[in-house]
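A quick write-up on the structure given underneath.
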Amino acid sequence: MTEIRPILDQINLVTRDMDASVAFYRRLGVDIPDGSPEWDPHHRAAQLPDGLDLDLDSSVFAREWDAGWRAGTTGIVIGFKLASRGEVDRVYADLIGAGYRGQQEPWDAFWGARYAVVEDPDGNAVGLMSPVDPAMRWDRPPPS
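Numbered as in this note's numbering, the sequence shown ends at 539 without a single skipped number.
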């Protein structure tokens with residue numbers, strides 16, 4: 396059986412000033428579309444030409460999808476796509492079993508993916524995400 400490796404496909408930047416970050420990356424040439432007014436202060440997403448997702452999130456919102464995120468902090472989450480929901484659980488358990496620290500145990504996230512976060516040896520957040528299953532999506536209001 397051929398092993399399917401995780402694929403780097405997403406970078407989340409947790410920012411303290413969403414408007415300033417959006418202006419900077421737009422000036423750099425990244426096409427960041429406007430979303431809905433109630434979500435724009437908390438989440439913006441751009442699809443880069445090579446298939447990499449660049450997401451900008453507020454610190455308040457990051458705490459809702461990563462229980463280990465330190466409130467009020469900024470930083471980066473490096474995201475890896477895994478082949479299935481079960482693979483998220485398996486890879487998370489393997490890394491935790493090897494002594495790495497978990498920030499967010501695997502959970503069925505509101506956007507329809509199975510998602511978890513672990514820390515690399517330097518404390519950087521690394522997201523593990525399954526493909527999105529539209530049947531697993533659920534609505535939630537933006538952070539307050």
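Glycine is no exception: its CB is placed at the ideal position from the N, C-alpha and C atoms.
Residue i: which of the options sits nearest, CA to CA?
| i | options | result |
| --- | --- | --- |
| Trp506 | Asp517, Ala520, Trp533 | Trp533 |
| Asp452 | Lys476, Ala415, Ser479, Pro444 | Ala415 |
| Pro526 | Pro536, Val513, Phe475, Glu514 | Phe475 |
| Ala508 | Arg535, Ala457, Met531 | Met531 |
| Met413 | Glu398, Leu403, Gln405, Gly430 | Gly430 |
| Gln405 | Trp502, Trp464, Met524 | Met524 |
| Pro401 | Gln499, Arg480, Gly518, Arg421 | Arg480 |
| Glu459 | Ala493, Ala504, Asp445 | Ala504 |
| Asp484 | Trp502, Asp445, Tyr420 | Trp502 |
| Arg528 | Tyr510, Gly463, Ala440, Arg535 | For the record, residue 528 in the displayed sequence is Asp; it is not Arg. Looking at the Cα atoms, Tyr510 is the closest of the given residues. |
| Gly446 | Ala462, Leu403, Asp461, Gly492 | Leu403 |
| Val417 | Ala440, Ile399, Ala493 | Ala440 |
| Asp450 | Gly494, Gly518, Tyr420, Gly492 | Tyr420 |
| Glu500 | Arg411, Trp464, Pro516 | Trp464 |
| Glu398 | Pro444, Ala462, Leu477 | Leu477 |
| Val512 | Pro432, Pro444, Asp461, Arg411 | Asp461 |
Within its chain, find whatever has a CB closer than 7 Å to the CB of residue i; leave out the 5 residues flanking it on each side and keep chain order.
| i | result |
| --- | --- |
| Gln442 | Asp448 |
| Phe456 | His437, His438, Pro538 |
| Arg535 | Phe505 |
Give the range of the beta strand (DSSP E) segment to which residue i is assigned.
| i | result |
| --- | --- |
| Asp404 | 402-410 |
Leaving out the 5 sequence neighbours to the left and right, which residues in its chain are closer than 6 Å to residue i when beta-carbon positions are compared?
| i | result |
| --- | --- |
| Val472 | Asn407, Ala520, Gly522 |
| Ile434 | Position check: residue 434 holds Trp in this sequence, whereas Ile was assumed. Once the five neighbours on either side are set aside, the close Cβ partners of Trp434 are Pro537. |
| Gly467 | Ser454 |
| Arg496 | Glu514 |
| Gly470 | Val409 |
For the alpha helix (DSSP H) that contains residue i, what are its first and last residues?
| i | result |
| --- | --- |
| Arg439 | No alpha helix (DSSP H) contains Arg439, which is instead part of the beta strand (DSSP E) from 438-442. |
| Ser416 | 413-422 |
For residue i, which residues from the same chain have a beta carbon less than 8 Å from its beta carbon, with the 5 sequence-adjacent residues on both sides left out?
| i | result |
| --- | --- |
| Gln498 | Asp461, Ala462, Gly463, Trp464, Val512, Val513, Glu514, Ala520 |
| Pro516 | Tyr495 |
Segments assigned beta strand (DSSP E), at least 3 residues, entirely inside the stretch 447-520:
Taking 3 residues as the shortest admissible run, the stretch 447-520 contains the following complete beta strand (DSSP E) segments, listed from N- to C-terminal end: 448-453, 470-476, 497-503, 509-514.
Mind the definition here: the stretch 485-495 touches the stretch 425-433 only if three or more C-beta pairs lie below 8 Å; say whether that holds.
No, the stretch 485-495 is not in contact with the stretch 425-433.
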